[in-house]
Each structure stands twice: as structure tokens, then as C-alpha cells.
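The structure appears right after this line, and notes come after that.
In the numbering used here, the protein residues as written are 366 to 641.
As C-alpha cells, then:
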């Protein structure tokens, strides 16, 4: 008998009470929780990919102040968008978000779509991000899975299993979902999951999908970030100056520049480099 079959209505109700009780006492406040604007929710969901909420909090309000709507972001220069993104890491997300805004203007009249097929067709938007937008912007009862939600369900329903796949969690998430207010329910789950990860050695580590992030210090990510910072400081920068500035193997710097060029983040020519 599987977990979903064993989950009675009474146990599901008790579980929801546990989650909501924690949320009532310790729920966190974030500016993206104070809006249902689909554009601002999309911005927050992209920022929250691979980046913890406290770091996003430092940049979110500045970003939406500079680019308050889809059309403003779509017409902004990539230089300005990347400049506002500095400090969040994974700068490719900034390019994808700008490209998404451009596509939304062209294909959807500047209105963020609500159906999953249209959302996942946007650059940098996968199923999890799309469902986050649907849940938090449109309050739709979708099945949403991310690391904090994994922590909650693994802790409560798989206390002894060492490797738990999302396919095992999905029916439980669906059966316990508060369909009257998915937005509030998923906020509550995420806050409760954040607590459990600190109190119980992170149950999400027992997820089959858990990945250990490599150290930032000395990583390609750190070098990419340093290169972009130097380029952003200048309208145009000689590659020789960049090579002398970055304390790193020149061949590696060259490989990263080639990668950034392929990603259409920078352009190179006549020995110079600049933001695309």
C-alpha cells in the first residue's frame, strides 16, 4: 500500500494544521509575498532559483524599482539589467529574464501568461518556476516541489528512507494541498521547511534530487562574476587589461570569455570586450 493510500483525510488535516500552526507563529515576510503582480512574482521566482531568500531580499526591491514592469525590462539595456543583478550570482538568469520580458511583450501583449506551456516556453523558466508563478501570482492549486517543500514531506512521511524521489512526494503534495488558498499554503510549507532543515539536519538531503553545491571560492562562478564586474565598470574594455586584472590563469579567462560570448552576454572585437 503506497503512502497516498495510507494518507487518510484525518491525517492530511492534522498535517495541514501542523504546518499552518508554525506559519501563524513564525511566518516570514518578504516583499514578493505582498504582491500578486505576475511580473513581480516571475522576477522573484527567477531570483530564487539557486539563491536563498535573504540574498534575494537585498536585490529584489531595487530591481523592480528600476524595472517596474515587463515593458521596462524588455526595453532596458542588458548592461543595466546585469548591473542591477550583481550580487545574486548566476548572471545568465538576468539575461534569460530580460529575454522572457521581450518574448512576453511580443507574444503576449506584455501580459505574463498563466498557463504552464506558455510559461515554460520562456527562457530560463522550467516547470518549478512556472508552477511557482501559477501558485503565487494566480493562486492556482498546482503541485509545487522545491527544496523546502521536499524537507517537509520527507521529514513527515519518509522518516527512515534514505533516497526519496519526487515521484514519491508528488501524490502526497497533491492530497494535502489546501486548494482554497494554494498561495498561503505554499508560503507556509516553505517557511516550515526552512525551520526543519535547521532543526533536523536538513531532511531534503535525503531527496534523490539533492545536489551539493561546489564551494564558491575559487570556482568558475566566482571568476565569471569578477569578469562581468570589470566589464560592467567600462563601456568597452581591452581584453589585455582584463587579462591583467583577473588573478587567474589566462587560458581559463579566455575560455570564460568565449562562454560568455556564446551566451550572448558579451561581445568581442578588435581586442575589446563589452556587454552585448
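Even for Gly, the Cβ is constructed at its ideal location relative to N, Cα and C. This one's a predicted model, so the numbers in the text were calculated from it and none came from an experiment.
query: Distance between residue 586 and residue 455 (C-alpha atoms, nearest Å); result: 7 Å
query: Three-way DSSP call (helix, strand, coil) for residue 538 in this model; result: helix
query: Buried/exposed call for residue 437, threshold 16 Cβ in 10 Å; result: exposed
query: Helix, strand or coil at residue 634 [DSSP, three-state]; result: strand
query: Endpoints, the alpha helix (DSSP H) within which residue 606 is located; result: 604-610
query: Residue interval of the alpha helix (DSSP H) (run including residue 444); result: 443-450
query: Same chain only: Cβ atoms within 7 Å of residue 485, ignoring 5 sequence neighbours per side; result: 491, 492 and 495
query: Cβ separation of residue 429 and residue 408, assumed to be a contact under 8 Å, to the nearest whole Å; result: 6 Å
query: Residue 529 - partner residues in DSSP beta bridges; result: 572
query: Per DSSP, the bridge partner or partners of residue 639; result: 632
query: Cα-Cα separation, residue 498 to residue 410; result: 7 Å
query: Per-residue DSSP class, three states only, for residue 476; result: coil
query: At least 3 beta-carbon pairs within less than 8 Å: the region 461-471 vs the region 498-509; result: no
query: Helix, strand or coil at residue 488 [DSSP, three-state]; result: coil
query: For residue 610 and residue 617, the rounded distance between their alpha carbons; result: 13 Å
query: Cβ-based burial, residue 555 [other Cβ within 10 Å; buried from 16]; result: buried
query: Beta-carbon proximity check, residue 532 vs residue 488, cutoff 8 Å; result: no
query: Straight-line Cα distance separating residue 415 from residue 576; result: 11 Å
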